[in-house]
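Have a look at the structure below, then the notes.
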Ligand SMILES: O=C(O)[C@@H](O)C(=O)COP(=O)(O)O
Ligand SMILES: [Zn+2]
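Numbering (the UniProt record's numbering), first residue to last: 1 to 214.
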């Protein structure tokens with residue numbers, strides 16, 4: 001499924017995906033947030049302060065494309081970031097933000113390349129993520145990040161928030177979740193390989209596999 005056209009099905013998928021990510025420890029406590037874009041252009045998002053392990057279908061928030069709250073409980077404090085991704089990427093129908101441990105650890109490293117925070121270690125990473133710009137540290141919910149996030153998202157479906165964690169958009173929620181999981185696994189490999197001589201894919205090998213979806 002690409003566009004999330006049926007709201008009831010979209011609510012069920014969002015909650016199922018949130019639970020799956022949480023129960024596999026891809027985010028913890030009340031961290032992380034998910035959203036989908038519905039056929040009418042509004043966004044369904046997890047509410048602020050909720051745990052992805054217990055959020056319910058009836059408890060989702062709705063905003064417009066500017067992040068303005070329309071109905072349901074108060075949305076995630078990152079609603080502005082989700083909305084920025086949807087405005088920048090008309091083909092994106094889902095956005096996932098996690099505090100997955102290894103990606104969060106990488107986001108705290110000194111001397112990261114701000115244009116691409118992780119090397120293309122494996123073909124699957126090159127296919128699912130490609131390049132990963134680092135957005136400079138802002139406190140969670142600080143909407144002054146919005147213009148930079150929107151500009152960056154025009155050319156990249158995945159970003160890493162410094163000292164925080166990843167944000168990934170996809171043509172569907174399944175795609176966004178798949179890509180953010182791959183990002184987490186590659187962050188883990190990257191940390192495992194620190195201090196070891198490593199051969200990432202060449203730029204040509206990575207470019208040949210670069211993702212073409214949103
Ligand atoms: O790190 C944060 O505080 C937020 O980015 C987050 O992950 C959870 O915030 P809410 O979605 O507002 O609960
Ligand atoms: Zn967060």
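Glycine included, every Cβ here is placed at the ideal spot set by N, Cα and C. Predicted model, so just to flag it, every value in this text is computed and none were measured.
Cβ-Cβ separation between residue 26 and residue 100: approximately 5 Å, consistent with a contact (criterion under 8 Å). Sequence-distant partners of residue 7 (beyond 5 residues in either direction) whose C-beta falls short of 7 Å from its own C-beta, in its chain, are 38. Here the C-alpha atom of residue 192 lies approximately 22 Å from the C-alpha atom of residue 115. In this structure residue 70 is exposed. Its beta-carbon is surrounded by fewer than 16 other beta-carbon atoms within 10 angstroms. With contacts defined as CB atoms closer than 8 Å, residue 76 and residue 47 qualify as a contacting pair.
Within the region 120-197, the runs of beta strand (DSSP E) that reach at least 3 residues and sit entirely inside it are, in chain order, 158-161, 165-170.
If you compare the alpha carbons of 43, 125, 32 with that of residue 201, the shortest gap goes to 125. By the CB criterion at 8 Å, residue 20 and residue 94 fall outside the cutoff. Checking the 7 Å criterion, the Cβ of residue 100 is out of range of every heavy atom belonging to ligand 1. Ranked by Cα distance from residue 79, the options 36, 51, 189 are led by 36. Distances taken from the Cβ of residue 31 to the heavy atoms of ligand 2 include one shorter than 7 Å. In this structure, residue 118 sits near residue 187, with a CB-CB distance shorter than 8 Å.
For residue 37, the enclosing beta strand (DSSP E) starts and ends at 33-37. Comparing alpha carbon positions, the residue from 4, 136, 51 closest to residue 28 is 51.
At a threshold of 7 Å, residue 140 counts as near ligand 1, since its beta carbon sits closer than that to one of the ligand's heavy atoms.
Inter-segment contact for the region 52-67 and the region 82-97 is present: three or more beta-carbon pairs are separated by less than 8 Å. Bounds of any beta strand (DSSP E) do not take in residue 210, whose DSSP letter is neither H nor E. Secondary structure of residue 47 (DSSP, three-state): strand. In this structure, 121 is the residue among 127, 105, 138, 121 with its C-alpha nearest to the C-alpha of residue 198.
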